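If you read the sequence shown in the UniProt record's numbering, its first letter stands for residue 1, the second for the next number, and so on. Here is the structure we will look at, set down as structure tokens.
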Amino acid sequence: MLYDDILGDTKAKILEKLNISDLSLDQLSEILKINKTAVKEHMEFLEMRGYVSSYFKPSGTGRPKKFYKLTDKGISLFPKKYIEFTKLLVEEVEKDVGSYKLNGMLERIAAKIISDTGWSSGDLRDMPRDEKIRKLEEYVNMLNVLGYNATIDVYSDRVVISRHNCIFYDLAKTNNKIICNSLGKDLVLQSLNADFEITERISSGSSKCVIEVKL
1 MLYDDILGDT KAKILEKLNI SDLSLDQLSE ILKINKTAVK EHMEFLEMRG YVSSYFKPSG
61 TGRPKKFYKL TDKGISLFPK KYIEFTKLLV EEVEKDVGSY KLNGMLERIA AKIISDTGWS
121 SGDLRDMPRD EKIRKLEEYV NMLNVLGYNA TIDVYSDRVV ISRHNCIFYD LAKTNNKIIC
181 NSLGKDLVLQ SLNADFEITE RISSGSSKCV IEVKL
């Protein structure tokens, strides 16, 4: 698993045991067959990086005992099937409601994604050149907030915006028509009220998605 490579065998085993139940230092020492000092060092490392947290539990008449549990960040290290589930969900929704209604849903999703960033474009077609370029630079900043790792190049007659990361990559590989032609295009269309053309797509084999906007 990925976290084995990142954290090493012992820390990975600790996470696996904590995924089953909360454990104390003594219990982990017994399970791992290493001394408590070594376990404590591993736990401090995992706690410092936010993968586990600790709390105290009453222990009979003695002092409360410290226990460790996984955080949400720790749980996220374990394999998930979000992409597979989403692929199946999209396919089933399209079967039930048809492509037209699904596209309408995707338009609303695109609008919500854009709205959540606080972005507002205005009508770029009526803007002076310098103002349009400034607005497109703001648009690239918005894309980077979403995780697109976007860059902008300005030419005499056009602006070229390159998105080097696709935030829907795994989903787009098997649902290119829906994700790229509908959701991806709607994200551009609703963000930029301007004449544009998508000239390259990651899902079609390119190393980036490229949008060209006329000046």
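For glycine and all other residues, C-beta sits at the position ideal for the given N, C-alpha and C. The structure presented is a predicted model; accordingly, all values stated were derived computationally and were not measured.
- Across the structure, L70 and K81 are spaced so that their CA atoms are roughly 19 Å apart.
- Collapsing the DSSP output to three states places C209 in a strand.
- Scanning the UniProt domain "HTH arsR-type" (10-54) for uninterrupted alpha helix (DSSP H) segments of 4 residues or longer gives 25-32 and 36-48, listed from N- to C-terminal end.
- Cβ neighbours of W119 within its own chain (closer than 6 Å, five residues either side excluded): M142.
- If you look at A172, you'll find it in the alpha helix (DSSP H) that goes Y169 to T174.
- Straight across, the Cα-Cα distance linking D130 with F45 is about 50 Å.
- Within the DSSP bridge table, the entry for V159 names V154 and V213 as partners.
- According to the DSSP secondary-structure assignment, I198 is paired through a beta bridge with I211.
- Secondary structure within the region 90-161: the alpha helix (DSSP H) runs of 4 or more consecutive residues, fully enclosed, are 129-146 (chain order).
- For S54, the CB contacts under 6 Å within the same chain, skipping 5 residues up- and downstream, are K66 and Y68 in chain order.
- Measuring C-alpha to C-alpha distances from K214 to each of G205, A12, T199 and M48 identifies T199 as the nearest.
- In the DSSP assignment, F56 forms a beta bridge with K66.
- Taking C-beta atoms as the reference points, L89 and I178 fail to come closer than 8 Å.
- For the pair S203 and K73, the Cα-to-Cα distance works out to about 29 Å.
- Exclusion of the five residues before and after I167 leaves L146, G147 and Y148 as the residues of its chain whose Cβ lies within less than 7 Å of its Cβ.
- With a contact defined as Cβ atoms closer than 8 Å, A110 and L187 qualify at about 5 Å.
- For K80, the three-state secondary structure derived from DSSP is coil.
- For L192, the secondary structure class from DSSP, reduced to helix, strand or coil, is coil.
- Nearest in C-alpha terms to K40, of all of T10, V154 and T61, is T10.
- Secondary structure note for I179: it is in no alpha helix (DSSP H), with a DSSP letter that is neither H nor E.
- Per DSSP, the continuous alpha helix (DSSP H) segment holding G74 begins and ends at D72 to I75.
- By the criterion of a C-beta distance shorter than 8 Å, N35 is surrounded in its chain by S29, once the five residues flanking it on both sides are discounted.
- Under the criterion of beta carbons closer than 8 Å, D195 and R125 qualify as touching, at roughly 7 Å.
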